[in-house]
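Read the structure below first, then the notes.
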Amino acid sequence: MPIVYDKSRKIFRLQAGDTSYIMQIVKEKYLVHLYWGRRISSYHESRRIIWKDRGFAPNPDTSDRTFSLDTLPQEYPQTGNGDFRNPAYGIRQENGSRISNLEYIGYEISDGKPKLPGLPASSGSKKDVQTLKVYMEDAVAGLKVCLLYSVFASESVITRSVIFLNKGKKPLHLTKMLSMSVDIREDEFDVLTLYGAHNNERNMDRRPLSSGTVKIESLRGTSSPHQAPFMALLRKGADEDQGEVFAANFVYSGNFLAEVQVDPYRNIRFQMGMNPWNGEWKLEAGEMFQTPEVVMVYSKQGLGEMSRTFHKFYQNHLVRSPYAKKERPILINNWEATFFDFDEEKLLSLARKAASAGIELFVLDDGWFGHRDADDSSLGDWFVDKRKLPNGLKSLAEKIHDMGMQFGLWFEPEMISQDSELYRKHPDYVLHTEERPYTIGRGQLVLDLSRKEVCDYVIAAVRQILKDNPIDYVKWDMNRHLTDVGSMYFEPDRQGEITHRYVLGLYYIMDVLTSEFSEILFESCSSGGGRFDPGMLYYMPQTWCSDNTDAVCRMKIQYATSLTYPPITMGAHVSVVPNQQTGRVSPLATRGYVAMSGNFGYELDLGNLTDEELEYVKEQIQCYKMIRPVIQHGDFYRIRNPFNENLAAWNFVSQDQKRAVAFFFEILSQPAAPVRILKLKGLHPDKLYRRYDNGEIYSGDELMYCGISIPLKKEDFRGEMYCFEEIEKGEENGH
Ligand code: GLA
Numbered sequence: 015m016p017i018v019y020d021k022s023r024k025i026f027r028l029q030a031g032d033t034s035y036i037m038q039i040v041k042e043k044y045l046v047h048l049y050w051g052r053r054i055s056s057y058h059e060s061r062r063i064i065w066k067d068r069g070f071a072p073n074p075d076t077s078d079r080t081f082s083l084d085t086l087p088q089e090y091p092q093t094g095n096g097d098f099r100n101p102a103y104g105i106r107q108e109n110g111s112r113i114s115n116l117e118y119i120g121y122e123i124s125d126g127k128p129k130l131p132g133l134p135a136s137s138g139s140k141k142d143v144q145t146l147k148v149y150m151e152d153a154v155a156g157l158k159v160c161l162l163y164s165v166f167a168s169e170s171v172i173t174r175s176v177i178f179l180n181k182g183k184k185p186l187h188l189t190k191m192l193s194m195s196v197d198i199r200e201d202e203f204d205v206l207t208l209y210g211a212h213n214n215e216r217n218m219d220r221r222p223l224s225s226g227t228v229k230i231e232s233l234r235g236t237s238s239p240h241q242a243p244f245m246a247l248l249r250k251g252a253d254e255d256q257g258e259v260f261a262a263n264f265v266y267s268g269n270f271l272a273e274v275q276v277d278p279y280r281n282i283r284f285q286m287g288m289n290p291w292n293g294e295w296k297l298e299a300g301e302m303f304q305t306p307e308v309v310m311v312y313s314k315q316g317l318g319e320m321s322r323t324f325h326k327f328y329q330n331h332l333v334r335s336p337y338a339k340k341e342r343p344i345l346i347n348n349w350e351a352t353f354f355d356f357d358e359e360k361l362l363s364l365a366r367k368a369a370s371a372g373i374e375l376f377v378l379d380d381g382w383f384g385h386r387d388a389d390d391s392s393l394g395d396w397f398v399d400k401r402k403l404p405n406g407l408k409s410l411a412e413k414i415h416d417m418g419m420q421f422g423l424w425f426e427p428e429m430i431s432q433d434s435e436l437y438r439k440h441p442d443y444v445l446h447t448e449e450r451p452y453t454i455g456r457g458q459l460v461l462d463l464s465r466k467e468v469c470d471y472v473i474a475a476v477r478q479i480l481k482d483n484p485i486d487y488v489k490w491d492m493n494r495h496l497t498d499v500g501s502m503y504f505e506p507d508r509q510g511e512i513t514h515r516y517v518l519g520l521y522y523i524m525d526v527l528t529s530e531f532s533e534i535l536f537e538s539c540s541s542g543g544g545r546f547d548p549g550m551l552y553y554m555p556q557t558w559c560s561d562n563t564d565a566v567c568r569m570k571i572q573y574a575t576s577l578t579y580p581p582i583t584m585g586a587h588v589s590v591v592p593n594q595q596t597g598r599v600s601p602l603a604t605r606g607y608v609a610m611s612g613n614f615g616y617e618l619d620l621g622n623l624t625d626e627e628l629e630y631v632k633e634q635i636q637c638y639k640m641i642r643p644v645i646q647h648g649d650f651y652r653i654r655n656p657f658n659e660n661l662a663a664w665n666f667v668s669q670d671q672k673r674a675v676a677f678f679f680e681i682l683s684q685p686a687a688p689v690r691i692l693k694l695k696g697l698h699p700d701k702l703y704r705r706y707d708n709g710e711i712y713s714g715d716e717l718m719y720c721g722i723s724i725p726l727k728k729e730d731f732r733g734e735m736y737c738f739e740e741i742e743k744g745e746e747n748g749h
């Protein structure tokens, strides 16, 4: 059983894959955290709490000076009665009081996992997962809290969420409502987070835990490219292949907070949830609020195992699109080829070249609607621009279909341009605060998705286009962050809710459209990977990883993105050189290998390539079609880390370990260069594998432990690919 309750000792033991998570009820009312780590078969209080009277640690019980909330490892800590560390939640009563005191009142264990209404969340069958609900109450405030722990039996994953219920007669304000809080009585960890910017998403930042708080967050209204909603604690010395990792990822696309605090006695508090800054919620009597979900992953074998746990979990339990299990088409996107400057003939000529090269999906990007010749007009006017496409979208889509390709279309549905029909009709649809001027971003404003009426407009507008035209794929973009957050449609004391209401509105829109058009493949985007989070993945099974298509930059971006998200979710395209973001000239082969390491496509004008280059592109496409099942549905292993060295390498292994594809990159050519050895990972040691390019045969253990020597080359930004396929024993003799 994944969840065991020991009645006599009042101990909960959650058993998920390789991990155990243990809590105890102390003094009949406090829910105390005892252990999260490698799975143990039983627990007989070896790791008991050592009680001690500490200075400045207040005591709720006058008879026991060793008992203080300030030193107690808690599951869902509060503020105001003796714990001076970071609280997990906060309230404000109608009388202004901000003190709270939750006491344990009961629990419930059930098979399966309840849905989180209005929110994206993982799911599982009654066989896969059990859920523990721990009920706590603050009788004075009239607050009831339910802590939810869903425990996946064969994956090292526990998910957490919290429900608040106002049981009182008066309104209650939630001022902080995190989804996860864990007090760990150890401090020998490093903290890993992912920071970045537009064109430079997800850089790895590993720092030792010292004193005080390490905090990352987004206050931008979206999860943002600036910090990913991810934090991991790595046991000192842990690396890619060994050592314990405790990771948390937030299934949410708005403002978040992740922090880890070291207390004076070297205990740490690890927390994640919605950002409390401008993030209040008012609960009327009888109302409930549920927090989004945190996915907690434990790995006993470093970051590699952590990532594969996330990858499998997201593919099997989060991404709800029928495409989760399907291979994705190779696409060509016209954005970097034409920008806003196109007409039907230009698109068709690009499409003809793409079709003859073997590309499977043609995506028409920004600029097809309203009168959009630049980025400062027409958002909201989701009807075709007849100047550019006089025969309409349907005719274009049909012509593309006739070439044997699918047809995809770009939208940015959450936005409105001041120069648009929509704005002229509905200036009130803009997210804004009365009396204040708008703050423009990329020449555009944000729609007020906290209002259902506005959400319904977006649904109707997008639905119309999807109904009227044979569309196979949608790119859902979002190119600025939230400012002037406010909505006159809500009372003054609900203005702190608007950022979350925006996200709920977005989830409602995506829920309706992706359910209604489940046969359409959706890709999310936010100026590249600016909103690459599990919340978006729930609705849309792939994300444009970055607007930066430079192969060298992409090595890092995709490497770090793979910490949590599987390569099948990462849109990765070959583009022109000099690269439009960096000016770098890298070989077409390397651009191909980097893009083939994800969800492959092209984003350039094939008409500008030489015949030789075009032939090579055809070969790349043929090659990707062959390796696609391994890349998209195999296991992913990182081998060399481009954040640390002049190299990058990784390999993919099919689930049955019969096929493998490895990529190796040396970024700058070096004098007196060492000969590099590439050691593969994840193969079956006893199987025999044939190397595709030269027919040589090696055992899995030779490839993994002995490795292959990489020939020297005088070339910057060089890439190599090695493909392997299992052969039956005995077959090698005949070779
Ligand atoms: C964003 C996207 C790009 C492209 C442009 C169009 O920047 O990330 O891929 O779609 O918008 O305006």
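If you read the sequence shown in the working numbering, its first letter stands for residue 15, the second for the next number, and so on. Glycine is no exception: its CB is placed at the ideal position from the N, C-alpha and C atoms.
Rounded to the nearest whole angstrom, the CA to CA distance from Pro699 to Leu726 is 27 Å. By the criterion of a C-beta distance shorter than 7 Å, Leu682 is surrounded in its chain by Asn660, Asp730, once the five residues flanking it on both sides are discounted. In this structure the segment 364-377 touches the segment 335-350; the number of beta carbon pairs closer than 8 Å is three or more. Residue environment for Tyr90: buried (at least 16 other C-beta atoms within 10 angstroms of its C-beta).
The continuous beta strand (DSSP E) containing Leu535 extends over residues 535-538.
Secondary structure in the segment 146-196: the beta strand (DSSP E) runs of 3 residues or longer, each lying completely within the stretch, are 157-166, 171-180 in chain order.
Straight-line spacing of the CA atoms in Pro185 and Val488 works out to 42 Å.
As for any alpha helix (DSSP H) of minimum length 4 sitting wholly inside the segment 577-662, the runs are 602-610, 625-647, ordered along the chain.
Short of 6 Å from the beta carbon of Gly381, and not among the five residues preceding or following it, lie these beta carbons of its own chain, in chain order: Phe354.
In its chain, beyond the 5 residues on either side, Glu341 have a beta carbon closer than 7 Å to the beta carbon of Arg642. Beta-bridge partners assigned by DSSP to Thr76: none are found.
Relative to the ligand GLA, the nearest heavy atom lies less than 7 Å away from the CB of Ser541. For the pair Gly615 and Ser370, the Cα-to-Cα distance works out to about 15 Å.
In the three-state DSSP reduction, Tyr312 falls in the strand class (E or B). Residue range 548-553 is occupied by the alpha helix (DSSP H) that includes Leu551, with no beta strand (DSSP E) assigned at that position. Excluding five sequence positions before and after Tyr607, the CB atoms of its chain that fall closer than 6 Å to its own CB belong to Phe677, Gly733, Met735, given in chain order.
With three or more CB-CB distances shorter than 8 Å, the segment 288-305 counts as touching the segment 177-193. The C-beta distance from Gln556 to Asp486 rounds to 14 Å, too long to meet the 8 Å contact threshold. Assignment of Ala338 by DSSP, reduced to helix, strand and coil, places it in the helix class. Under the three-state reduction of DSSP output, Lys229 falls in the strand class. Around the beta carbon of Gln684, fewer than 16 other beta carbons sit within 10 angstroms, so the residue counts as exposed.
Inclusion of Asn493 in the 7 Å shell around the ligand GLA follows from its C-beta lying nearer than that to a non-hydrogen atom of the ligand.
Using a cutoff of 7 Å, the CB of Trp424 counts as near the ligand GLA, since one of the ligand's heavy atoms is closer than that. A check of alpha carbon separations from Tyr209 across Tyr552, Thr604, Phe546, Leu551 identifies Phe546 as the nearest. The segment 418-463 is shown to contain whole alpha helix (DSSP H) runs of 4 or more residues at 435-439, in chain order. Within the same chain, Lys413 come within 7 Å of Leu362 by CB-CB distance, once the 5 residues on both sides are set aside. Thr604 counts as buried, since at least 16 other C-beta atoms from the protein chains shown sit within 10 angstroms of its C-beta. Distance from the Cα of Met288 is smallest, within the candidate group Leu518, Lys408, His647, for Leu518. For Asp389, the shortest separation between its Cβ and any heavy atom of the ligand GLA lies below 7 Å.
In this structure, Arg673 sits away from Glu627, with a CB-CB distance that is not shorter than 8 Å. Fully contained in the segment 36-91 are the following beta strand (DSSP E) runs of length 3 or more, in chain order: 44-52. For Gly542, the CB contacts under 8 Å within the same chain, skipping 5 residues up- and downstream, are His212, Asn213, Glu215, Pro239, Trp558, Cys559, Ser560, Asp561, Asn562 in chain order. Contact check between the segment 61-80 and the segment 323-333: fewer than three CB pairs, one atom from each, fall below 8 Å, which does not count as touching. Residues of the same chain with a CB within less than 6 Å of the CB of Lys701, apart from the 5 flanking positions on each side, are Gly714, Glu740 in chain order.
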